[in-house]
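Below is one structure, written out as structure tokens; comments come after it.
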Amino acid sequence: MPSNKRKALTDAAFPVSFLIFLFSFILFTISCSREDPVIKETYVMGTKASITIYGMNREKALDAAGKALHELHRLESIMSTWNPESEISQLNSNTGEKHFTLSAELSELIRLSIQFSEITKGAFDITARPLVQLWGFQDGADRLPSESEISNTLKNVGYRKINFNPDINTITLPKGMQIDLAGVAKGYGVDKCAAILKREGVNSALVNLGGNIIAIGSPPGKKGWVVGIRDPRDESKISGYIIIKDEAVATSGNYENFIKRKGKTIGHIIDPVTGRPVSGNTLSVTVISPTATASDALSTALFVLGPMKGITTLKQLTRNNYTGYIAETARRTDRSGRGQYAEVLFIISENNSIKFLKSSNLDGKLILE
Ligand code: ADP
Ligand code: MG
1 MPSNKRKALT DAAFPVSFLI FLFSFILFTI SCSREDPVIK ETYVMGTKAS
51 ITIYGMNREK ALDAAGKALH ELHRLESIMS TWNPESEISQ LNSNTGEKHF
101 TLSAELSELI RLSIQFSEIT KGAFDITARP LVQLWGFQDG ADRLPSESEI
151 SNTLKNVGYR KINFNPDINT ITLPKGMQID LAGVAKGYGV DKCAAILKRE
201 GVNSALVNLG GNIIAIGSPP GKKGWVVGIR DPRDESKISG YIIIKDEAVA
251 TSGNYENFIK RKGKTIGHII DPVTGRPVSG NTLSVTVISP TATASDALST
301 ALFVLGPMKG ITTLKQLTRN NYTGYIAETA RRTDRSGRGQ YAEVLFIISE
351 NNSIKFLKSS NLDGKLILE
């Protein structure tokens with residue numbers, strides 16, 4: 001009897017284990033069809049770069065990602081103000097009467113940057129560097145600049161003072177002026193990565209360079225890439241999610257990049273009009289647009305402008321179908337012409353809590369916690 005019982009158990013156990021085997025096989029098959037992405041990372045432009053690719057064999061995907069990341073290192077070697085050999089450093093040390101001949105690439109980025117200054121009424125300005133230095137972002141002295149230092153430095157700031165001829169790539173920077181592309185170069189690099197990946201046959205990928213993100217297509221079976229928006233007060237928390245497909249998103253804020261001087265917190269984004277670091281109650285600004293270049297420059301500009309002026313400026317831009325480059329690249333990235341838009345989410349602090357302010361067409365793409 002006991003042996004019969006054991007036999008009965010054994011008989012019963014076989015189909016169960018077989019079912020478990022079958023079930024796990026099915027699960028395995030499902031997870032196979034969902035596929036693991038290929039991810040490649042590097043450290044460049046002072047931050048982490050990461051590329052995630054679906055839908056391509058591993059070797060090809062790694063090769064494509066490698067080429068894109070290499071491009072970021074190449075751009076850094078031209079555009080970093082930390083590297084005295086870079087082209088931008090050469091330009092900054094050749095100011096005065098004589099003109100400087102730019103590479104076509106740097107010339108293009110300066111041309112675009114000036115357009116961003118024009119459409120944001122000077123809130124975005126690549127000539128803000130003397131102010132960034134004045135406020136202590138390059139030396140460690142615990143002091144705040146005086147009023148006269150600020151007004152004197154402002155004389156060396158202002159994109160209109162650049163003498164630039166984009167047709168022949170020449171530029172003359174008056175003495176005392178300096179150019180800093182940090183507010184737009186990461187986005188520009190991300191757009192270049194996307195172009196390389198597409199050329200290599202990638203049609204599902206996400207490029208993330210320190211929060212400057214572009215989505216190519218969407219992950220298999222998904223309607224878009226889900227990107228978390230950090231709670232600006234607490235890096236372990238997420239304030240919301242944005243779903244993007246064939247578009248770019250960037251967030252600007254002072255919560256990661258700031259210094260302390262005389263007990264005051266000085267954020268790294270400076271208002272080029274007042275000459276002072278942006279204060280006010282904006283904690284972060286997230287911009288979605290067709291290109292990472294536009295999202296990067298506009299998120300910096302809108303951080304300066306604040307929610308009221310910022311949202312109005314974006315509405316005007318969209319109404320005017322953008323100007324110059326943004327329209328140009330929007331058409332390039334989205335041939336259907338659907339791409340001429342920019343949407344924004346402001347996270348502001350109000351009475352010890354946070355409040356969200358957003359432009360009207362963001363709702364379908366945004367999930368707030
Ligand atoms: P993040 O996205 O990491 O917050 P940003 O793209 O906003 O960085 O760029 C900020 C950097 O750009 C600063 O560190 C400084 O070098 C430069 N910068 C500061 N203020 C401005 C400004 N108003 N316009 C353009 N560049 C600026
Ligand atoms: Mg920026």
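Taking the working numbering, the leading residue of the sequence shown gets 1, the next gets one more, and so forth.
Here a beta-carbon is modelled for each residue, glycine too, at the ideal position from N, C-alpha and C.
Beta carbon proximity, residue i to chain C, threshold 8 angstroms
i, result
"E41", "You won't find chain C in this structure, because it holds only one protein chain."
Residue span of the alpha helix (DSSP H) that contains residue i, given as start and end
i, result
"N182", "Strictly speaking, residue 182 in this sequence is Ala, with Asn absent from that position. Careful: A182 lies outside any alpha helix (DSSP H) and carries neither H nor E."
"A61", "58-79"
Presumed contact (8 angstroms Cβ cut-off) between residue i and residue j, rounded CB distance
i, j, result
"I243", "G228", "Wrong, their Cβ atoms sit about 11 angstroms apart, outside the cutoff."
"D234", "T81", "That pair is no contact at about 31 angstroms."
"G253", "S284", "4 angstroms"
"P277", "I347", "Actually they do not touch by this definition, with Cβ atoms about 18 angstroms apart."
"L206", "T52", "5 angstroms"
"K262", "R111", "Rounded, the Cβ-Cβ distance is 39 angstroms, inconsistent with contact."
"G408", "T291", "Because residue 408 is not part of the residues shown, which for the chain are 1 to 369, the question remains open."
"L209", "V190", "5 angstroms"
"P272", "G55", "43 angstroms between Cβ atoms; not a contact."
"S236", "N281", "About 22 angstroms; that fails the 8 angstroms criterion."
"L366", "V344", "In fact, because the Cβ distance is near 11 angstroms, the residues do not count as touching under 8 angstroms."
"Y188", "T300", "Contact flag wrong, Cβ pair sits at about 13 angstroms."
"K245", "S218", "5 angstroms"
"L75", "A185", "7 angstroms"
"P307", "L357", "5 angstroms"
"L106", "I126", "L106 to I126, Cβ: 11 angstroms. No contact."
"I311", "S359", "6 angstroms"
"A342", "F116", "About 11 angstroms separates the two Cβ atoms, so there is no contact after all."
"L154", "G275", "5 angstroms"
"I270", "A128", "5 angstroms"
"P130", "Q178", "6 angstroms"
"G240", "E369", "6 angstroms"
"V400", "L302", "Residue 400 lies beyond the range of the chain shown here (1 to 369); nothing can be said about it."
Limits of the beta strand (DSSP E) - the one that residue i falls within
i, result
"Q225", "According to the sequence as given, residue 225 is Trp; it is not Gln. Residues 225-231."
"K237", "234-244"
"A49", "47-53"
"T274", "No beta strand (DSSP E) contains T274, which DSSP labels as neither H nor E."
"S252", "248-253"
"Y43", "38-44"
"S353", "353-358"
"V285", "282-289"
"E256", "E256 -> no beta strand (DSSP E), and no H or E assigned at all."
"G267", "264-267"
"S349", "343-350"
"N212", "212-216"
"L406", "Outside the displayed span of the chain (1 to 369) sits residue 406, for which this structure offers no information."
"L173", "Element bounds for L173: n/a, residue is neither H nor E."
"L366", "366-368"
Query raised in the report: When the Cβ atoms of the segment 165-172 are set against those of the segment 86-103, are three or more pairs found closer than 8 angstroms?
Result: These segments touch.
Report task. Take every Cβ of the segment 206-213, pair it with every Cβ of the segment 246-253, and state whether three or more of those distances are shorter than 8 angstroms. Result -> Touching, yes.
Requested in this report: Scan the segment 86-168 and note each continuous beta strand (DSSP E) run of 3 residues or more that stays entirely inside, going in chain order.
Outcome: Complete beta strand (DSSP E) runs here, min 3: 163-165.
Query - Inter-stretch contact (C-beta, 8 angstroms, three-pair minimum) for the segment 122-140 and the segment 265-272 - result: In this structure the segment 122-140 touches the segment 265-272; the number of beta carbon pairs closer than 8 angstroms is three or more.
Query raised in the report: Are at least three pairs of beta-carbons, each pair with one atom in the segment 88-95 and one in the segment 194-203, less than 8 angstroms apart?
Result: Of all C-beta pairs linking the segment 88-95 to the segment 194-203, fewer than three are shorter than 8 angstroms, placing the two stretches out of contact.
Query raised in the report: So does the segment 37-48 actually touch the segment 70-79, counting three or more Cβ pairs closer than 8 angstroms?
Result: Contact holds: three or more Cβ-Cβ distances are below 8 angstroms.
Query raised in the report: Counting Cβ pairs, one atom from each stretch, are 3 or more of them under 8 angstroms apart for the segment 152-170 and the segment 114-131?
Result: Contact holds: three or more Cβ-Cβ distances are below 8 angstroms.
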